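Have a look at the structure below, then the notes.
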Amino acid sequence: MDEADSWELYLALGLPKDATSDQIKESYYRLSRLFHPDRHTADQKAAAEEKFQIIQHAYEVLSDPSKKEIYDNFGEQGLKTDWNVGFPGKSAEELKNKIREQIQERDIHEIDSLVQSRSETTIVVNMTPLFARNIRVQNALGLGAGTRMLTPYERFSLIQWVSFQIKSSFSIPTSFSNDLKKPSFNSFSSGSFDDEFSAPSDEDEGNHKTSSRLSIVTEASMRQNSKLQPSIFAVYHSQPSPNLSSEIGFSLLRPGLITVKSVYAINNQTFIVPLIQISGLKRPPQATVVIGRQITRFGTLTARWKTGVWSLGSWGIASPRGANSSFSLTWQQMKAIPNSLVPQLSWNAEVTAGLMYSGIAYNYNLKNATEDSPYQIKLGTSMSTVGGLQVSGDTSRKVGRYSTFGVNISVGVPTGSITFSLNWSRLGQKISLPIMWCSVFDRSAVFWGLVFPITSILGVEQFFLRPRRLSNQKRLRLLRLQKLKDSQERKKVSAIRAVKLMKEIVEKKQKLEMEKGGLVIEYAEYRVVNCGANEPDLKQDVTISIAALVENSRLAIPSSVSKSSIIGIYPLFSDNEKELEIVYTFHQQRHRVVLRDKQGVFLPSREHKILS
């Protein structure tokens, strides 16, 4: 729904969208007296009748709580819909709840069609043979082995896939709540559970969210020269209270696996996440505990402890030691983004100590995607007992309204090994193609794996994508300006007509105010700040429109709404700041005030008095 659709009726009464019922009633009574057809001459009666009907319709909708609720959410089109909520005996609050439920159901259906079904496909490819120089071959006479150069065709024929993994999931809502937060969606998998943890978020608080749901997660993975390993998980998510959410997952195929996880927010700064994984009765369960606390405004410290595979006496002593105990500390630093209420990641650092793996890692968010530059760039480095020193770079950009394409490059130091990954995602679907490029330093591999793709991306961005993006932005801006100009012309004609209708009645009211020494508007001008005398289109005389607001020697203009929403004032065609100047007399003393476009005021005020 266009936002303007749920705004026009408020503009008809000259009110902000958060106007109270008393303000709606007061504005209606004042405007109905101004534009009542019986108070105008015969040549103005038709125009007054049209304006009066608009005001009458606006008041009928906005003064009715149920109609107002529908209009605020669906606009005029919603008023034409039979909502089936007019049951006798229903209170205004019950009607609001009924409408809210219908709105929430509609939103859930829209979200379900977009993100409830998710899938992820990963295919690992080994392309290191592309840069193999020689190959060892057996002598045909059986006199030993020699080497020879590989042909390009032979190199390409040696490229092969290493492994693939396909994972998909979908959710079925089982119950809803208007008060609970939405539990974060983290699918269980048969692999690592490190990504199952996330801090509780308050951004969805107060919205209608699923308080419990059932998720089905299927996964199939296979390595070269090995059997396919399928798995199916059923995961039940519930949120019994705003501070607590829990999940329990069951493996429906052998080997049996049960996973239990909870997220508990102790307060607004501290959370704890315990996770237990049970894989049969022959070994003790594995556990992971995460404790996090917000230390600074944008900084959070997280501690994670994993038991790994362990034994208690003879219980579990025969189990393979695939994942041993570890402890890690992570600091996550966010940063504020202009014109955004949600902070974004700036950098994070992690230190891990364990029996099988120990290391440090640091990631820095170099650039966030913006409207002018849709690229997001991240840099990272890590050093561990398993992979040595690794340096990585990741860049991604939107290639459509819902699609994102990204490239990740990782370089091993000092071996010079290169691995890069191509990633594509659209809504809940994701495809990853990790490519093993070279295992040792090779100039050809570095050129084709680093220099060529980076320069190609920069060249395409600089000489093709960026000019095209700027051209589209310019074209869209011109279209918006033309649309605004057409709308401004229509509103200008309507405002001039309204001033003509009000002028005679307002002048009579001002004459009465003058006779009793009340509030008299001498002059009012709505203009662009610092506009020159040779720019008549950037200012307008609004004396009649402001004087029409005077009631019983008082004038009130609400805040947070543009002055162009006042009856008889049309928008000025400019992106610059606007202001309203009012010169008035009260008790035969002159006053003057200059207001910003969305600044409220109550007249008269001693602060506005002009000192002689």
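According to numbering that gives the first Met the number 0, the stretch in the sequence shown is residues 0 to 611, in order. The beta-carbon is built from N, C-alpha and C at its ideal position, and this holds for glycine as well. Keep in mind that this is a model prediction, so the values were computed, not measured.
With distances taken between CA atoms, K281 lies nearest to W314 out of W314, L274 and A264. Rounded to whole angstroms, the separation of the alpha carbons of R32 and H39 is 11 Å. Positions of the beta strand (DSSP E) runs, each at least 3 residues long and wholly inside the stretch 383 to 452, are given as 387 to 397, 402 to 412, 417 to 425 and 428 to 437 in order along the chain. Assigned with DSSP and collapsed to three states, E606 falls in helix.
For the pair of segments examined, the stretch 421 to 435 was found to touch the stretch 116 to 126: the number of CB pairs separated by less than 8 Å reaches three. Taking a 10 Å sphere around the C-beta of R303, we find 16 or more other C-beta atoms and assign the residue as buried.
If the five residues before and after I543 are omitted, its C-beta is found closer than 7 Å to the C-beta atoms of V498, M501, K502, V505 and G567, all from its own chain and listed in chain order. L300 sits in a strand when the DSSP states are folded into three classes.
S420 has its alpha-carbon roughly 9 Å from the corresponding atom of S409. For R479, the enclosing alpha helix (DSSP H) has its first and last residue at R465 to E514. Three or more beta-carbon pairs drawn from the stretch 519 to 529 and the stretch 568 to 585 are found closer than 8 Å, and the two stretches are therefore classed as touching.
Checking the DSSP bridge columns, you'll see T306 has no partner listed. Just so you know, the alpha carbons of T287 and T306 end up roughly 6 Å apart.
In its chain, beyond the 5 residues on either side, G415 have a beta carbon closer than 6 Å to the beta carbon of F440. Counting the other CB atoms within 10 Å of its CB gives G74 a total of 16 or more, which places it among the buried residues. The beta carbon of S250 sits closer than 8 Å to the beta carbons of S189, S230, I231, F232, L256 and I257 from its chain, once the five residues preceding and following it are set aside; these are given in chain order. Within the model, the alpha-carbon separation for Q164 versus S486 is close to 54 Å. Here the C-alpha atom of L213 lies approximately 48 Å from the C-alpha atom of P413. DSSP lists L274 and K305 as the beta-bridge partner residues of T287. T217 and S168 have their alpha carbons spaced roughly 6 Å apart. Here the stretch 468 to 477 does not lie against the stretch 151 to 162, with fewer than 3 beta-carbon pairs under 8 Å apart. Two segments are said to touch when three or more pairs of C-beta atoms, one from each, lie closer than 8 Å; by this definition the stretch 454 to 465 does not touch the stretch 543 to 557.
Between the alpha carbons of S325 and A352 lies a gap of roughly 6 Å. With a 10 Å radius around the Cβ and a threshold of 16 neighbouring Cβ atoms, A41 comes out exposed. Taking C-alpha positions only, L274 is separated from P254 by approximately 19 Å. Burial is judged here by how many other beta carbons sit within 10 angstroms of a residue's own beta carbon; Q509 has at least 16 and is buried.
Residue M513 holds the alpha-carbon nearest to the alpha-carbon of Q587 among E576, K577, L610 and M513. The way I'd put it, the stretch 21 to 29 doesn't touch the stretch 568 to 579; fewer than three beta-carbon pairs between them come closer than 8 Å. C-alpha of T299 to C-alpha of V445: approximately 38 Å in a straight line. In the three-state reduction of the DSSP assignment, V60 falls in the helix class. K597 sits away from V541, with the two beta carbons spaced by 8 Å or more. Short of 6 Å from the beta carbon of R589, and not among the five residues preceding or following it, lie these beta carbons of its own chain, in chain order: I609. Taking a 10 Å sphere around the C-beta of P603, we find 16 or more other C-beta atoms and assign the residue as buried. Secondary structure of F572 (DSSP, three-state): coil. Sorting Q238, K166, S402 and A18 by C-alpha distance to the C-alpha of M221 places K166 at the top. Measuring C-alpha to C-alpha distances from L10 to each of S20, I53, E49 and D37 identifies I53 as the nearest.
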